[in-house]
Structure formats: C-alpha cells, structure tokens
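Numbering (my numbering), first residue to last: 2 to 410.
Glycine residues also receive a C-beta, built at the ideal position from the N, C-alpha and C atoms.
Quantities reported herein were computed from a predicted structural model and do not represent experimental measurements.
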C-alpha cells in the first residue's frame, strides 16, 4: 500500500514514517482502508488526542522540560535529541517512584524494567505528545523540536539577561530580553535536576491550566465543550457506543456537536459491519468455520438492528460531513457503493467489492483474501471491534484525570 502525504520539513516526514511503522507493526492499518474517515471524526471531536497517548501529565511535563532545556547549553540538534531522551528516562523513573504500583501507561516503564535500564522506548513522550502539545498551544507548531531547542539555547546563551536567578530556585522564563517565550507551562516547578518522585496524577494547578488550554485552543469541538460545560464530570463512565452517553449528549450539547457524535457512531457501526464481512470471508477461506458462523450471525444482527442507519441516504450524510476533511475519494466511493449493495441485498457483489478494496489498499501480494492459502489455516481473523475515536482510551483518561486534579487541594 502506498500512503501519500505532503511534508514541508524533515521532522514532519520523520513523524509520519514513525506512525506508518508503528501501525504496520501492530496490524492496525485496516484491511479496507476505513481509517481516514475515522480519523476525520476523531480530529473533529477530540483534537490533539492520539491513541498512543496515555496520561494528561505529559502535556504539562514536556513543555516544562523544553522551557528548562532552552536555558542550558545545547550545541546542536543531535545533542538536543540526546538530552531530551536522557531527561525522559529520568522522568520515567521519577513517575514510577511517585505513582501507585498498579499504575499503567507510564511511557517506557516496562522497557526500562525489562532491560534493567539499558533500553528505552522508540516512541517516546516527545514524539507521542508533540501534535497534541502543538494543538493546545503549548509548543510551537510545525517545527523540529530539537532544532528549536538548539536555536533557543544559542539565543539564551548570547542575549543579555534582565536578571539573574537559578534554575532550581527561580523562574527565569521571561529573562530573554525582547525574546518571546515559545513554551507555555503551568507554572509548576518540576525541578528537572532532581531525582525526586513525581506523581502521574494532576495537581489542581496543573488540571486548571490544562483544562483552560484545551478549552481555548479547541473551541467548537466536543472536547472543548465537555470541559467548558462541566459535562466532563459525567461522561467518562460511558463507552463511546453506550446508549446513555448518546442520551446525555443529545440532551446537553449543541445540536451540531451531537450531530457529529451521531454520525461518528453511525460510521463506527457501518465500518464494523463491513469489517465483519471481511473477517467472515477470511475465516471461510482459511477453514475457521466456527468463527465465520459467529461473524455471520453478528453481521445479520447489526443489519437488522441498525438497518435505518445503513441506508444509502444515511451513509451519504457521513460522506457529506467528511467531504472536505477526507481527500481520498476511493474510501468514500467504497462505503457509498457498499451501502447501495446492502440495500439491494446483493451480498455476493458486496463480498467481491471487499476483495477488490483490499487489493486496492494493500496490493495483490499483500492481500490476505487473495493469498489465503499462504495464511495460517484454521486460525481465525482477529475479531473486529467498533471504532471508538480515541474516546475509550485517552479522551476518557484525560477528562477523568482533569476532574480528579480539580478536586485536589
């Protein structure tokens, strides 16, 4: 499969390549190429959030680390990258020590334990949180953060100071005469020269700052509205497709935000339907009959329960909504054609279109349906799951951690 994008700098190219490798390694690039529309909904509802993110704390730690490092001597981009990685390892140990034993999601913790400190994760907090920090106005957008740190260090070392202070005891965030600050921090001193433990949970000051940043920078999104309205205290209890969440949103958010949620939920169900059909075909071909029967039954159940959501007109509403957000026409044409075939009950042709779609997305040699004889016989396809648009992972986590932080004194 060829995936194209426009890159205006090497850092953007590197980030994109990392994403491709990570997703391919996890088998997360779906066989039918339905992810682009999913991502359009995710970015509309929950900008700045990523499936790789784990805790809200990193949105605060990383900009503060950069603000600290720009005041130190950094000779070039390579050294900046090395120093950031060393600091991330130190932060990981501090977070492990400062958090409860059952805490998960501390980036790099498992790798450090398994390697006894010899190895650290490839996808570090600097990478995982960069786009989100840019979205929330915490770091500059579109640049190479390591080059920026090297440049800022040179400026800092050569410009006259307004006053003198120590990095440990004073805040000299504005002591670059006439030079605007690039990194926005919450004002908490994390003392990056220390090995003292840090908690992954948010203090009240951190929660207030992050909440305000997200509300301000993502105005008009569902994420911003949930935080600004106070609904963030009520919604984390529900999964994305929970009927109670739908009712809560319908009764409490503006119509345009509920429409976005409703269309996203509809697309999740339709994509799940198509992926079930794909899995059923695959399992029949490799001789996993029992799994194929389960998938066929689930396909029929969905088709009966949500028939009104899968009509050509209903799917066209989705296509119209994402039209300007998804430039790839083949994905939109595929779901449009699939809806028409389902309406006609032409499932043989639907199956054929699914085979053709995978071939288009992955190429002849990588198509599992066309090369089923090379697949493990009798081993069923990994069970498809409905899309949750980052809600069930990082979005609910951030909302819950902000709520918890605001309750702290």
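Residue 120 and residue 33 have their alpha carbons spaced roughly 35 Å apart. Taking residue 392 as the centre and dropping the five residues before and after it, the same chain places the C-beta of 241 closer than 6 Å to its C-beta, in chain order. Within the region 316-382, the complete alpha helix (DSSP H) segments at least 4 residues long are 330-344 and 348-363, listed from N- to C-terminus. Linking residue 345 to residue 316 through their CA atoms gives a straight-line distance of about 14 Å. Taking a C-beta distance under 8 Å as the contact criterion, residue 93 and residue 113 qualify as a contact pair. Cβ-Cβ distances below 7 Å link residue 150 to 67, 70, 71, 75 and 81 in the same chain, with the five nearest sequence neighbours on each side left out; the list follows chain order. Taking the Cα positions, residue 48 is about 8 Å away from residue 133. At a cut-off of 4 residues, the continuous stretches assigned as alpha helix (DSSP H) that sit fully inside the region 51-81 are 59-70. Its Cα nearest to that of residue 31, the residue 368 stands out among 153, 368 and 220.
Annotated three-state conformation of residue 388 is coil, per DSSP.
Taking every protein chain shown into account, the CB of residue 115 has fewer than 16 other CB atoms within 10 angstroms, so this residue is exposed.
With contacts defined as CB atoms closer than 8 Å, residue 272 and residue 381 fail to qualify as a contacting pair. Taking 8 Å as the cut-off, the Cβ atoms of residue 104 and residue 201 count as close.
In this model, residue 217 and residue 139 are separated by some 12 Å (Cα to Cα).
Using a C-beta cut-off of 8 Å, the region 283-297 makes no contact with the region 312-331, since fewer than three inter-stretch Cβ pairs fall below that distance. Contact between the region 231-249 and the region 394-402 is present: three or more C-beta pairs spanning the two stretches fall below 8 Å. Following the DSSP letters along the chain, one finds residue 110 inside the alpha helix (DSSP H) bounded by residues 110-116. Your pair residue 385 and residue 270 does not check out as a contact, with CB atoms roughly 12 Å apart and the cut at 8 Å. For residue 259, the enclosing alpha helix (DSSP H) covers residues 256-287. Taking a C-beta distance under 8 Å as the contact criterion, residue 97 and residue 108 do not qualify as a contact pair.
With fewer than 16 neighbouring CB atoms inside 10 Å of its own CB, residue 117 falls in the exposed class.
Taking residue 100 as the centre and dropping the five residues before and after it, the same chain places the C-beta of 107, 200 and 201 closer than 7 Å to its C-beta, in chain order. Residue nearest to residue 298 within the set 343, 277 and 390 is 277 (criterion: CA-CA distance). Just measuring C-alpha positions, the residue of 73, 254, 356 and 293 sitting nearest residue 153 is 73. Contact check for residue 183 against residue 126 fails: the beta carbons are separated by 8 Å or more. Residue 191 is a Cβ neighbour of residue 65, given a cutoff of 8 Å. A Cβ-Cβ separation of about 6 Å places residue 406 in contact with residue 207 under the 8 Å criterion. Of the candidates 331, 228 and 376, 331 places its Cα closest to the Cα of residue 354. The residue among 131, 343, 374 and 404 with its C-alpha nearest the C-alpha of residue 305 is 343.
According to the DSSP assignment, residue 218 belongs to the alpha helix (DSSP H) that extends over 205-218. Within the model, the alpha-carbon separation for residue 314 versus residue 219 is close to 31 Å. Between residue 55 and residue 145 the beta-carbon gap is near 24 Å, outside 8 Å, which marks them as no contact.
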